[in-house]
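Residue numbers (the working numbering): 19 to 399. We put the CB at the ideal spot given by N, CA and C, even for glycine. Source: prediction; values computed, not measured.
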């Protein structure tokens, strides 16, 4: 597709697959908007719902619409400014000991067994626990938070097919977060994300509804992507023993190797934009309001941007920047955090278990937009 139709016009969308073109769209948020047309979403489902169902749908869609990834400036800038300083390299670096402690506690359970199922026992629970801890919530509440978020995620990922169940989960989750907020207001500031959202560090305090929306979307933006990044990166290394040896010989390589690992197995295959005006790309007309699908994984394997793109090369020196975590104003806010979680998880596995190996064939999860594994079974001895 990159060669024959790099900008492909389909019935309902335009698909962009080359690195140069994907980057051009990401650099032009004025022409290619991140804002979802929530009105059309509600209209499409309203005919199948009664009046109460439509109101439930509006509440779910409103929560999703609070995401920074689905807003443009000035709203995007306002939302990003709320917590931008919470995800600086310095602040994220200060979290490393906490991330290491969470990782060690998860891996300790596998020491006696001699085996580890990476997805269920490490890659999934680690980012969930990190996010829960960042918001100042008790770790023992992780199971409830996971249950609520999974039900809401089904709504976001299936055109809102489970409105009643998702709304019930959203109400329960919202009540939980509001109680958490009220407790924090009584207790006073702490060095975490919740205090930033409450304006305790000099910023603008957010409403309870905004905090609920931010918590929900942070879970979706920062959990599944990090789970997949840990699994994808680990499998890539174990399937390329010569690259694995490079990182074993020089642990300092982790910082630079992560860009290549995230490029080689891109966790988010595609993201969407909407044309804010009539325009064109590579001579292909794009009408105002038309959906534009940016194929990040394809762009990351574009041979015009990367030499031998289908090879894992931890010493890669291409000038092109991988687009795994976005670009420009919509670069993933939690990029530094994700990188640190992936680094801590993989370095801990490799140092703790020198004989680590894949026990059998890994099973990829069938999902068009998010690339990851259903199961990664490891032998640790």
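If you ignore the 5 residues before and after residue 388, its C-beta comes within less than 8 Å of the C-beta of 242, 243, 246, 285, 286 and 287, all in its own chain and listed in chain order.
Look at residue 27 here: in three-state DSSP terms it is strand.
Cβ contact annotation for residue 120 (same chain, cutoff 8 Å, sequence separation greater than five): 144, 147, 148 and 151, in chain order.
Taking a cut-off of 8 Å on C-beta distances, the segment 324-343 touches the segment 266-284, as three or more cross pairs fall below it. The shortest C-alpha to C-alpha distance from residue 320 to any of 362, 123, 34 and 116 is the one to 34.
Under DSSP, residue 391 takes part in a beta bridge, and its partners are 382. Put simply, of 202, 363 and 234 the residue whose alpha carbon is nearest the alpha carbon of residue 124 is 363.
As computed with DSSP, residue 313 is found in a beta bridge with 288. Assignment of residue 133 by DSSP, reduced to helix, strand and coil, places it in the strand class.
Under DSSP, residue 304 shares a beta bridge with 297. Taking C-alpha positions only, residue 133 is separated from residue 262 by approximately 20 Å.
Counted as a single uninterrupted DSSP element, the alpha helix (DSSP H) harbouring residue 212 occupies residues 211-215. Take residue 318, set aside five residues on each side of it, and the residues of its chain with a beta-carbon closer than 7 Å to its own are 281, 284, 340, 341 and 342, in chain order. Shown here, residue 397 sits in a strand according to DSSP, grouped into three states. In the structure shown, residue 50 adopts extended strand secondary structure according to DSSP, grouped into three states.
For residue 149, the enclosing alpha helix (DSSP H) covers residues 143-152.
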